[in-house]
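So the structure is just underneath, and the comments pick up after that.
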Amino acid sequence: MRSLGDAYIKDEFRRHRKADNPLHIIGFLSQWKLYLDALEVDRGLGMKSDGRRLDAELLEKLSEEQVYQLYELYSHLLGKEEDADAPQQSKQNS
């Protein structure tokens, strides 16, 4: 999960590194810091990071494009989970 989060953050950074709107920059940096803090907490507790529930208020503030990106990420994660379960299912069926 972390590698996917890291890749997503890097991609977001590359796409927005030339942003000149201070609100976008502050928003990106604050969300990145929250992500980093969550990783540190999980690491300190010896937990595997399984993500966090998205706050409904934050979801309402997302643009249509951001909602689409979130859906794409969600779909990608579901595909990864199904791929990870496939070897276990094939062993059980054997």
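Under UniProt numbering, read the sequence shown as residues 1 to 94, first letter to last.
Idealized CB from N, CA, C, for every residue including glycine.
Would you kindly report the start and end of the unbroken alpha helix (DSSP H) that includes ALA38? Counting from one through the sequence shown, the residue named residue 38 turns up at place 38. Start and end: 22-44.
According to DSSP, is ALA56 helix, strand or coil? For this step, residue 56 is matched to residue 56 along the sequence shown. Per DSSP, reduced to three states, the secondary structure at ALA56 is helical.
Measuring straight from C-alpha to C-alpha, what distance separates LEU4 and LEU62? Start at 1 with the first residue of the sequence shown, and residue 4 comes out as number 4. Start at 1 with the first residue of the sequence shown, and residue 62 comes out as number 62. Taking the straight line from one Cα to the other gives about 21 Å.
Check this for me: beta carbons of LEU54 and LEU77, under 9 Å apart or not? As a first step, residue 54 is located in the sequence shown; it is residue number 54 there, counting from the start. As a first step, residue 77 is located in the sequence shown; it is residue number 77 there, counting from the start. Result no, Cβ atoms of LEU54 and LEU77 do not sit closer than 9 Å.
Once the 5 residues before and after TYR8 are set aside, which same chain residues still bring their CB inside 8 Å of it? Residue numbering aside, residue 8 sits at position 8 when the sequence shown is read from its first letter. So the qualifying residues of the chain are LEU73.
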